[in-house]
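K.L.:
All residue numbers for the first sequence refer to this note's numbering, where the first residue is 3 and numbers rise by one. We put the beta carbon where it would ideally sit given N, CA and C, even for glycine.
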Amino acid sequence: MHDATIQKLPQLIGEQVRLHGWLTGLRSSGKIAFLQLRDGSGFVQGVIVRSNVSDEAWEAARALTQESSLVVTGLVKADTRSKSGVELELDSVQVIQAAHDYPITPKEHGVDFLMENRHLYLRHRVPWAIMRVRDELSRAIHDFFAERGFVRFDAPFFMPTAVEGTTNLFEIDLFGDEKAYLSQSGQLYAEAGAMALGKVYTFGPTFRAEKSKTRRHLLEFWMVEPEVAFQDFEGSLKLQEEFLSYIVGRVLDRCAPELDMLGRDVSKLAGTAEGNFPRITYDEALEILNGKGEQLEWGDDLGAPHETILSEMHDRPLFITGWPTKAKAFYMQPYEDDPERVKAADLIAPEGYGEIVGGSERIHDLELLKQRIAEHNLPSEAFEWYLDLRRFGSVPHSGFGLGFERTLAWITGVHHLREVIPFPRMLTRMYP
RNA sequence: UCGGCGGUAGCUCAGUGGCAGAGCGAUCGGCUGUUAACCGAUUGGUCGUAGGUUCGAAUCCUACCCGCCGAGCCA
């Protein structure tokens with residue numbers, strides 16, 4: 003007899019094991035009962051037969067309630083009727099805590115109810131599978147950069163000033179008189195890191211006080227932001243492509259059971275794992291969209307429906323390059339022969355998941371950067387440290403930011419971002 | 001911030017001017033292979049809140065609150 007986890011049961015057929023876990027459901031008849039068990043590592047069915055066990059074990063099993071915690075012992079048996087190929091023939095059931103009136107019953111529930119009970123809903127199969135994919139995706143990201151000599155570089159969460167205007171920043175009261183803001187990007191700090199360590203990436207939560215109530219928005223989300231010294235725009239696009247195909251390939255390779263549980267059509271991710279992402283310019287995008295009846299003028303930013311139209315033309319992420327300078331952020335490097343356009347790209351995910359990456363080459367000329375800061379009416383004193391990066395050994399450099407939850411929602415095929423983060427923070431959801 | 005939809009039992013919903021309903025859940029009983037099992041019984045209500053119209057309001061009117069979907073903005 004030894005302790006086992008459900009995940010390992012297929013390798014323990016014929017052995018007597020003990021499991022620590024919870025009951026997700028019970029079906030019983032007069033002489034046989036089926037216990038749906040979970041232990042965190044997976045799900046398995048336990049079968050208990052009246053005539054084979056003690057009265058105590060039988061009565062304990064029949065009295066079980068949903069989400070009661072328990073310790074069971076039994077024999078691992080191969081069974082073709084089981085999805086995992088195994089089930090457990092139980093001989094003892096010991097209850098640790100009997101749960102009563104567990105709210106999430108095995109019937110349909112509404113979104114708001116499940117979010118109100120998020121702390122419990124995480125125990126169920128769909129969130130369980132998503133959180134495991136989230137873990138693998140996160141691990142793949144770290145491995146990708148580690149294998150390429152990047153240093154993980156943590157940007158601060160408190161920011162002294164508003165980098166791109168205060169309207170979408172959360173303001174923090176610092177003991178009365180001073181203000182700080184929650185970070186909406188680690189990029190500027192990553193640039194300092196790149197000048198110190200060459201190739202760095204940040205991976206952490208960011209905060210946007212946008213009053214967005216759509217499936218593609220959270221107030222708090224995680225972002226991956228690599229920044230590379232001496233890397234030009236083209237090099238950044240190559241890195242993005244290699245990065246996306248690596249992490250998607252890893253999840254396809256290692257999370258097949260989870261994706262299957264989620265009902266994800268993995269053939270739709272095969273193209274991404276191959277690389278070779280299509281590219282169109284902003285001007286080409288306008289031409290396509292206006293050809294389909296849209297009314298876009300040069301300089302307009304593209305909206306979510308536009309991104310969806312364009313992305314549905316491809317089976318893998320789509321780069322849109324050559325953006326108008328005036329539609330983009332102050333730090334982006336313009337083309338030398340076309341200052342009306344910047345060396346920036348958005349990467350649009352297929353299937354309507356929207357922009358998952360935004361990247362650019364950064365301005366490395368001190369005077370041009372000063373000029374842009376002034377044009378955007380930004381407080382120049384707050385950017386002195388950032389300007390120092392151009393005063394002392396400035397080099398061309400580039401980077402990008404990947405929205406972790408959008409990427410994960412797309413990979414898992416989940417409709418709404420709130421499903422892919424353990425405890426989503428939204429305009430209408432701060433509890434639990 | 002704007003537009004659309006919604007709020008009735010623990011959950012999912014029906015009820016659109018005349019007795020507050022169903023299914024599921026839960027509880028009890030039955031059933032030897034169940035997969036959101038099945039059969040029988042029991043249990044269930046501040047109809048989002050406040051005001052108004054009416055003989056009578058879950059239902060009509062007004063205001064507000066909350067949620068869902070989308071837009072804008074963004075990842």
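When the Cα of residue 418 is compared with those of 366, 375, 301 and 223, which residue comes out closest?
P.N.:
Checking every option, the nearest Cα to that of residue 418 belongs to 223.
K.L.:
Does the distance from the C-beta atom of residue 204 to that of residue 234 stay below 8 Å?
P.N.:
Not closer than 8 Å, so no.
K.L.:
Would you please state the rounded distance, in angstroms, between the beta carbons of residue 72 and residue 27? I believe it to be under 8 Å.
P.N.:
Not a contact, Cβ separation roughly 13 Å.
K.L.:
What does DSSP give as the partner residue(s) for residue 336 in the beta ladder?
P.N.:
DSSP, once it has assigned bridges, lists 344 as partnering residue 336.
K.L.:
Using the C-alpha atoms, what's the distance from residue 182 back to residue 213?
P.N.:
Looking at the two C-alpha atoms, the distance is approximately 20 Å.
K.L.:
Identify every run of the alpha helix (DSSP H) within the stretch 91-146, keeping only runs that are complete inside it and at least 4 residues long; order them along the chain.
P.N.:
With a minimum length of 4 residues, the continuous alpha helix (DSSP H) runs that stay inside the stretch 91-146 are 113-118 and 120-123.
K.L.:
Need the endpoints of the alpha helix (DSSP H) that residue 248 sits in, please.
P.N.:
Run containing residue 248: 235-256, per the alpha helix (DSSP H) assignment.
K.L.:
In chain order, what residues of the same chain have a beta carbon less than 7 Å from the beta carbon of residue 120, not counting five sequence neighbours either side?
P.N.:
Result list for residue 120: 425 and 434, in chain order.
K.L.:
Under three-state DSSP, which class holds residue 5?
P.N.:
Looking at residue 5 - three-state DSSP - the assignment turns out to be strand.
K.L.:
How many angstroms separate the CA atom of residue 227 from the CA atom of residue 262?
P.N.:
So the alpha carbons of these two residues sit roughly 30 Å apart.
K.L.:
In terms of residues, what are the limits of the beta strand (DSSP E) holding residue 293?
P.N.:
Residue 293 -> not in any beta strand (DSSP E); alpha helix (DSSP H) instead, spanning 284-293.
K.L.:
Take residue 341 and list the residues in its own chain whose beta-carbon comes closer than 8 Å to its own, dropping the five residues that flank it on each side.
P.N.:
327.
K.L.:
For residue 307, does the three-state DSSP call read helix, strand or coil?
P.N.:
Residue 307 falls in the helix class under three-state DSSP.
K.L.:
Straight-line CA distance for residue 361 to residue 348?
P.N.:
Rounded to whole angstroms, residue 361 to residue 348 spans 6 Å at the Cα level.
K.L.:
Taking all protein chains shown into account, do 16 or more other C-beta atoms lie within 10 angstroms of the C-beta of residue 107, making it buried, or fewer, making it exposed?
P.N.:
The residue is exposed, with fewer than 16 neighbouring Cβ atoms inside 10 Å.
K.L.:
Leaving out five residues on either side along the sequence, give the residues of the same chain with a beta carbon under 6 Å from the beta carbon of residue 372.
P.N.:
Excluding sequence neighbours, residue 372 sits near nothing in its chain.
K.L.:
For residue 60, which residues of its own chain have a beta-carbon under 6 Å away from its beta-carbon, when the five flanking residues on both sides are left out?
P.N.:
Once the five neighbours on either side are set aside, the close Cβ partners of residue 60 are 52.
K.L.:
Just how far apart, CA to CA, sit residue 339 and residue 315?
P.N.:
Distance between the alpha carbons of residue 339 and residue 315: 31 Å.
K.L.:
Measuring straight from C-alpha to C-alpha, what distance separates residue 323 and residue 193?
P.N.:
Approximately 22 Å between the Cα atoms of the pair.
K.L.:
When the Cα atoms are used, what is the spatial distance from residue 84 to residue 313?
P.N.:
The alpha-carbon atoms of residue 84 and residue 313 are separated by roughly 39 Å.
K.L.:
Among the residues of its own chain, which have a CB less than 8 Å from the CB of residue 132, if the five just before and after it don't count?
P.N.:
Closer than 8 Å at Cβ, skipping near neighbours: 260, 264, 410, 414, 416, 421 and 422.
K.L.:
Taking the alpha-carbon of residue 200 as reference, which of 147, 246 and 352 has the nearest alpha-carbon?
P.N.:
Of 147, 246 and 352, the residue nearest in Cα terms is 147.
K.L.:
How many angstroms separate the CA atom of residue 279 from the CA atom of residue 287?
P.N.:
Distance between the alpha carbons of residue 279 and residue 287 is about 15 Å.
K.L.:
Out of curiosity, what's the CA-to-CA distance linking residue 359 and residue 9?
P.N.:
Rounded to the nearest angstrom, the two C-alpha atoms are 35 Å apart.
K.L.:
Taking C-beta to C-beta, are residue 135 and residue 202 nearer than 8 Å?
P.N.:
The answer is no: Cβ separation not under 8 Å.
K.L.:
Please specify which runs of the beta strand (DSSP E), each continuous and at least 3 residues long, are wholly inside the stretch 22-84, giving them in chain order.
P.N.:
If we require 3 residues or more, the beta strand (DSSP E) runs fully inside the stretch 22-84 come out as 34-40, 45-51 and 71-80.
K.L.:
Count the other CB atoms within 10 Å of the CB of residue 198; is the residue buried (16 or more) or exposed (fewer)?
P.N.:
Its Cβ having fewer than 16 others within 10 Å, residue 198 is exposed.
K.L.:
According to DSSP, is residue 300 helix, strand or coil?
P.N.:
Coil.
K.L.:
Which of the three DSSP states, helix, strand or coil, is assigned to residue 390?
P.N.:
Helix, per DSSP.
K.L.:
Looking at residue 333 and residue 365, is the spacing between their C-beta atoms short of 8 Å?
P.N.:
Cβ atoms of residue 365 and residue 333: closer than 8 Å.
K.L.:
Going by DSSP in three states, residue 398 sits in which element: helix, strand or coil?
P.N.:
It is coil, neither helix nor strand.
K.L.:
When you compare each of 139, 13, 246 and 69 to residue 90 by their alpha carbons, which one comes out closest?
P.N.:
Nearest C-alpha to residue 90: 13.
K.L.:
Excluding five sequence neighbours on each side, which residues of the same chain lie with their C-beta closer than 6 Å to the C-beta of residue 272?
P.N.:
Around residue 272: no qualifying Cβ.
K.L.:
Assuming residue 414 is part of the alpha helix (DSSP H), what are its boundary residues?
P.N.:
Unbroken alpha helix (DSSP H) run through residue 414: 406-414.
K.L.:
Beta strand (DSSP E) containing residue 433: first to last residue?
P.N.:
Per DSSP, residue 433 belongs to no beta strand (DSSP E) and is neither H nor E.
K.L.:
If residue 351 and residue 408 are in contact, beta carbons under 8 Å, what's the gap, nearest whole angstrom?
P.N.:
Indeed, because the Cβ distance is near 7 Å, the residues count as touching under 8 Å.
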